[in-house]
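The structure under discussion appears below in the form of structure tokens.
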Amino acid sequence: MSEKNENVYDLSFFMPGKTIEAEEIKVPISKRFVDKKGNIVPFIFKAITTERIDELEKETTTYKNVKGRGRVKDLDSQRFYARIAVESTVYPDFRSKDLREAYKTADPVEVAKRVLSVGGEYANWLNKAIEINGFEDELEDLEEEAKN
Numbered sequence: 001m002s003e004k005n006e007n008v009y010d011l012s013f014f015m016p017g018k019t020i021e022a023e024e025i026k027v028p029i030s031k032r033f034v035d036k037k038g039n040i041v042p043f044i045f046k047a048i049t050t051e052r053i054d055e056l057e058k059e060t061t062t063y064k065n066v067k068g069r070g071r072v073k074d075l076d077s078q079r080f081y082a083r084i085a086v087e088s089t090v091y092p093d094f095r096s097k098d099l100r101e102a103y104k105t106a107d108p109v110e111v112a113k114r115v116l117s118v119g120g121e122y123a124n125w126l127n128k129a130i131e132i133n134g135f136e137d138e139l140e141d142l143e144e145e146a147k148n
């Protein structure tokens, strides 16, 4: 067996502790947030785990009884992706007590909507968080759903 073929079947690459941890990524989301020197303050994102995404999906899913179809799963996709974005945003931390109190809401998604209040900012933030977590194609479907 050649060396190239041996590497293809080497499972050590997938063992715990061998993977590279997701990096934090700095991205400017809005020109409105500037530091004392006038530089745009970037948001910091980090991908979340598959397990956490599964938990968020469960938290944003309800079940409805539909005549002729039985019990049907109904995912609130806008809330689901917003929750992923909140969880993926390291800075600013929309879950922080200070921001929630300042914007007078306990809901971090509402905090994000109020902070990113100018047209396009919220969408830019959401798009970047979704992209970092590998959901680009699904986001296009969500945008199409929102248009209809």
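Residues in the sequence shown are numbered consecutively from 1, following this note's numbering. Cβ coordinates follow ideal geometry from the N, Cα and C atoms, glycine included.
For this session: Report the rounded CA-to-CA distance for LEU155 versus LYS64, giving the unit in angstroms.
Result: Missing from the structure shown is residue 155; the chain here goes from 1 to 148 and no further.
Problem set entry | Which of helix, strand or coil DSSP assigns to ILE132 | helix
Problem set entry | Limits of the beta strand (DSSP E) - the one that ARG32 falls within | Run containing ARG32: none; DSSP gives neither H nor E here.
For this session: Helix, strand or coil for LEU91, going by three-state DSSP, please let me know.
Result: Correcting the residue identity first, residue 91 is Tyr in this sequence and not Leu. The answer is strand: DSSP assigns TYR91 an E or B state.
Exercise. Which of the three DSSP states, helix, strand or coil, is assigned to LYS18?
Worked result: coil
For this session: Give the DSSP bridge partners of TYR63, in chain order.
Result: LYS73
Problem set entry | Alpha carbon of ILE25 to alpha carbon of GLY68, nearest angstrom | 47 Å
Problem set entry | Three-way DSSP call (helix, strand, coil) for ILE25 in this model | strand
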